[in-house]
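Residue numbers (our numbering): 343 to 668.
Even glycine gets a Cβ: it sits at the ideal position worked out from N, Cα and C.
Fair warning: this is a prediction, and the values are worked out from it, not measured in the lab.
For reference, the structure is listed below as structure tokens.
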Ligand SMILES: Nc1ncnc2c1ncn2[C@@H]1O[C@H](COP(=O)(O)OP(=O)(O)O)[C@@H](O)[C@H]1O
Ligand SMILES: [Mg+2]
């Protein structure tokens with residue numbers, strides 16, 4: 343499969359009044375055409391910062407970004423998204439790459455009907471007039487599984503449930519037929535039944551539209567349901583990445599294995615919590631960032647670099663050797 347997105351050694355540092363935050367410390371991963379890739383890791387590990395970097399959504403005056411994010415346009419040309427101006431990025435947003443933000447329903451204006459908000463977005467991306475845009479919006483709401491779409495268009499956001507609003511945000515994100523959809527924790531705020539419905543919706547849309555998806559989540563069960571490949575992030579680094587079934591069935595990083603032990607899958611009698619917490623974001627870290635918290639952490643881990651342990655399966659764990667860990 344052709345690579346659509348290649349993130350190489352991405353570093354995102356935030357300049358705050360309290361000092362420099364090392365938010366992303368050299369993350370590398372790829373997404374192929376039509377592939378669904380999960381970016382998984384506990385809260386605060388840098389998932390959202392990574393996702394936002396793809397679309398240049400950081401404040402330029404308070405952020406230093408390095409590395410490269412290569413993207414292959416519809417025309418076949420490859421560009422580095424980190425080198426584009428805001429004006430050039432605006433052309434990419436929507437038409438090539440769309441994002442459903444964490445808490446995306448909060449981005450809807452509470453006093454404007456859904457139909458008008460959707461039509462505004464559709465008009466910008468397609469050039470359709472108002473009437474045509476409303477027609478497209480109605481069809482999109484039907485596509486994302488909302489009943490009585492014409493009536494929903496007249497509603498204000500406060501008149502709809504969390505699940506319905508999330509469907510609307512997904513509808514807006516796909517309205518411009520992006521080739522890559524970035525969904526940041528799209529189901530975290532929803533109950534488990536609605537969660538399953540939204541995941542099924544993303545799966546269906548990505549298959550129907552041959553759209554690649556970067557699915558950001560802190561939840562391995564979401565990865566299990568949806569993803570072809572997974573990147574496990576810890577303290578700003580991708581510590582393990584590879585085909586989803588392989589990473590989940592034969593993890594090659596102690597963090598992945600610890601994380602998997604902490605999720606309910608119906609077979610474990612006892613779940614184990616990962617002891618300790620993420621390292622200080624104000625400090626630089628070399629090598630494997632999990633070493634202080636890891637049961638096998640040693641001095642050598644400070645020099646650990648990413649290595650391949652199987653086809654497309656990489657880890658920074660020096661304990662990974664030839665066998666699965668944990
Ligand atoms: N605007 C900001 N100012 C200061 N620190 C931030 C800012 N945005 C994110 N961070 C910090 O960067 C780290 C990574 O954040 P984030 O990417 O949002 O994590 P995740 O999405 O994995 O929960 C966290 O420690 C967070 O507190
Ligand atoms: Mg986040």
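Pairing residue 630 with residue 381 gives a Cβ-Cβ distance that is not under 8 Å. The C-beta distance from residue 407 to residue 466 rounds to 26 Å, too long to fall under 8 Å, and the pair is not in contact. Across the structure, residue 388 and residue 401 are spaced so that their CA atoms are roughly 16 Å apart. Within the DSSP bridge table, the entry for residue 409 names no partner.
Annotated three-state conformation of residue 520 is coil, per DSSP. In the three-state scheme derived from DSSP, where H, G and I count as helix and E and B as strand, residue 599 is classed as helix.
Here the alpha carbon of residue 576 sits roughly 6 Å from the alpha carbon of residue 383. Bounds of any alpha helix (DSSP H) do not take in residue 382; it lies within the beta strand (DSSP E) bounded by 378-382. As the crow flies, the alpha-carbon of residue 368 is around 20 Å from that of residue 639. Looking at the DSSP output, residue 574 sits in a beta bridge with 382 and 582. Its Cα nearest to that of residue 379, the residue 553 stands out among 540, 553 and 432. In the three-state DSSP reduction, residue 450 falls in the coil class, being neither helix nor strand. Around the beta carbon of residue 454, fewer than 16 other beta carbons lie within 10 angstroms, which makes this residue exposed. Residue 634 has its alpha-carbon roughly 50 Å from the corresponding atom of residue 462. Between residue 476 and residue 411, the CB-CB gap reaches or exceeds 8 Å. In the DSSP annotation of this structure, the continuous segment of the beta strand (DSSP E) that includes residue 368 starts and ends at 361-374.
Beyond the five residues adjoining it in sequence on each side, residue 565 comes within less than 8 Å, by CB distance, of 380, 382, 557, 559, 572, 586 and 590 in the same chain, given in chain order. Residue burial is scored here from C-beta neighbours: residue 535 has fewer than 16 other C-beta atoms within 10 angstroms and is therefore classed as exposed. With fewer than 16 other CB atoms across the displayed protein chains lying within 10 angstroms of its CB, residue 469 is exposed.
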